[in-house]
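I have placed the structure first, in the form of structure tokens, so that the comments after it can refer back to it.
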Amino acid sequence: MQLPPPRLCRLQKHSLTDEFGFNLHAERGKGHFIGSVDKGGIGDHAGLVMGQRIVGVNDKLIYPDTPHKEVVTLIKKDPLCTELLVVSEDVDRWYAENGATFSFENAIRYNPEPAVILPRSSLSGPKRDIMEFFL
Numbered sequence: 122m123q124l125p126p127p128r129l130c131r132l133q134k135h136s137l138t139d140e141f142g143f144n145l146h147a148e149r150g151k152g153h154f155i156g157s158v159d160k161g162g163i164g165d166h167a168g169l170v171m172g173q174r175i176v177g178v179n180d181k182l183i184y185p186d187t188p189h190k191e192v193v194t195l196i197k198k199d200p201l202c203t204e205l206l207v208v209s210e211d212v213d214r215w216y217a218e219n220g221a222t223f224s225f226e227n228a229i230r231y232n233p234e235p236a237v238i239l240p241r242s243s244l245s246g247p248k249r250d251i252m253e254f255f256l
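Okay, here's the thing in structure tokens:
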């Protein structure tokens with residue numbers, strides 16, 4: 122059985138005043154997801170796409186019941202760099218249907234080299250029953 126690989130995205134800031142350029146949200150019982158992503162920002166260049174589920178942060182797997190505050194803490198542990206293991210909805214469904222476990226070892230690294238980052242854009246859009254943080 123061939124496991125579809127999750128995507129490992131490395132987000133690297135150049136200074137403490139930079140932002141990772143994505144919105145994180147959690148839905149009870151479903152997990153932690155990438156919300157909006159600043160076009161041309163660090164998250165965008167790292168390969169983050171709105172709707173991806175975060176299944177790992179900095180070599181630690183996270184689960185739908187992992188507290189949101191813990192996920193935010195893991196992301197901010199190193200103020201200049203974080204690695205997110207993310208999956209699309211289709212890959213997430215495949216793992217659930219096949220009882221497979223996510224792993225950093227079989228991930229595909231999206232961006233081996235950091236890119237030049239453009240300034241962050243503002244966020245807008247409707248609010249839902251979710252917890253959101255801009256990182």
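Count the sequence shown with the numbering used here and you get residues 122 to 256, in order.
Idealized CB from N, CA, C, for every residue including glycine.
All values derive from a computational prediction rather than experimental measurement.
Q: Could you please give the first and the last residue of the uninterrupted beta strand (DSSP E) stretch that includes Ala-221?
A: Sequence index remark: in the sequence shown, residue 221 carries index 100 (1-based). Counting along the chain, Ala-221 falls outside any beta strand (DSSP E), and DSSP gives it neither H nor E.
**Q.** Same chain, Cβ closer than 6 Å to Phe-141, five either side skipped, listed in chain order
**A.** Position 20 of the sequence shown, counted from the first residue, corresponds to residue 141. Around Phe-141: Leu-132, Ile-163, Gly-164 and Leu-256.
Q: For Asn-144, count neighbouring Cβ atoms within 10 angstroms of its own Cβ and tell me buried if that reaches 16, exposed if not.
A: The sequence position of residue 144 within the sequence shown is 23, counting from 1. Flag for Asn-144 reads buried.
Q: Give a yes or no on contact between the region 196-205 and the region 174-181, applying the rule of three or more CB pairs nearer than 8 Å.
A: Yes: the two stretches touch, three or more of their Cβ pairs being nearer than 8 Å.
Q) Which word fits Ser-136, buried or exposed, when buried means at least 16 other C-beta atoms lie within 10 angstroms of its C-beta? A) Position 15 of the sequence shown holds residue 136. Ser-136 counts as exposed, since fewer than 16 other beta carbons sit within 10 angstroms of its beta carbon.
Q: Quick one: give me the first and last residue of the beta strand (DSSP E) that Val-208 is part of.
A: Residue numbering aside, residue 208 sits at position 87 when the sequence shown is read from its first letter. Looking at the DSSP string, the run of the beta strand (DSSP E) that includes Val-208 is 202-208.
Q. Any idea what DSSP makes of Ile-175, helix, strand or coil?
A. Mapped onto the sequence shown, residue 175 falls at position 54. Residue state, collapsed to three classes: strand.
Q.
How far does the beta strand (DSSP E) with Val-158 in it extend, from its first residue to its last?
A. Your numbering for residue 158 matches position 37 in the sequence shown. Unbroken beta strand (DSSP E) run through Val-158: 152-158.
Q. CB Gly-152 to CB Met-171, shorter than 8 Å?
A. The residue labelled residue 152 in the question sits at position 31 within the sequence shown. The residue labelled residue 171 in the question sits at position 50 within the sequence shown. No, the pair does not count as a contact, with Cβ atoms beyond the cut-off.
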